[in-house]
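In this note's numbering, the protein residues as written are 7 to 150. We put the beta carbon where it would ideally sit given N, CA and C, even for glycine. Quick caveat: nothing in here was measured; it's all calculated off a predicted structure. To keep things clear, I will list the structure first and then write my remarks on it.
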């Protein structure tokens, strides 16, 4: 008897999430701009926010696989209004979930990334938007 099939990594629903990123145009002139790069796959996400203390009017420039793009789409919907502490907590929770040490964080559509947990090389891309947000929030230039 054949083993049950694992869910597809690149499902049509996951691939469709990439188009949502067009709703979050990157603004290089924003007060807070950050970037993160995955050492494992080379994916890069740049993030802009018009506020330095919390994420507001998020903009994204994403050069990543479909998993990274889907993670960025989830991030963009969930992270508005978060400050650095909230972003850091969520990043930690995601890391624990990816390692199999915890339940999925309470993020809408996180289940779309469930198949990627088995692909360690994709973990970096999943964490990128959260890391880019921390970078932006740590070096925003002004009172916002």
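Could you check whether residue j and residue i sit closer than 7 Å to each other, using their CB atoms as the reference points?
i	j	result
residue 56	residue 37	yes
residue 76	residue 20	yes
residue 135	residue 78	yes
residue 130	residue 17	no
residue 22	residue 61	no
residue 70	residue 94	no
Can you round the beta-carbon distance between residue i and residue j to whole angstroms, since I take them to be within the 8 Å contact cut?
i	j	result
residue 39	residue 54	5 Å
residue 123	residue 104	6 Å
residue 125	residue 15	6 Å
Is residue i buried or exposed, if buried means 16 or more other CB atoms sit within 10 Å of its CB?
i	result
residue 98	exposed
residue 128	buried
residue 114	exposed
residue 52	buried
residue 108	exposed
residue 112	exposed
residue 82	buried
residue 13	exposed
Next item on the list: Say whether the region 133-147 touches the region 82-93, bearing in mind that this needs 3 or more beta-carbon pairs closer than 8 Å, one atom from each stretch.
Entry: Using a C-beta cut-off of 8 Å, the region 133-147 makes contact with the region 82-93, since at least three inter-stretch Cβ pairs fall below that distance.
Check: Counting pairs of Cβ atoms below 8 Å between the region 21-35 and the region 59-69, do you hit three or more?
Finding: Of all C-beta pairs linking the region 21-35 to the region 59-69, three or more are shorter than 8 Å, placing the two stretches in contact.
Notebook entry, point to check: Which runs of the beta strand (DSSP E) fall wholly inside the region 25-96 and span at least 3 residues, in chain order?
Noted result: Secondary structure remark: continuous beta strand (DSSP E) runs of at least 3 residues inside the region 25-96, in chain order: 38-43, 50-55 and 65-69.
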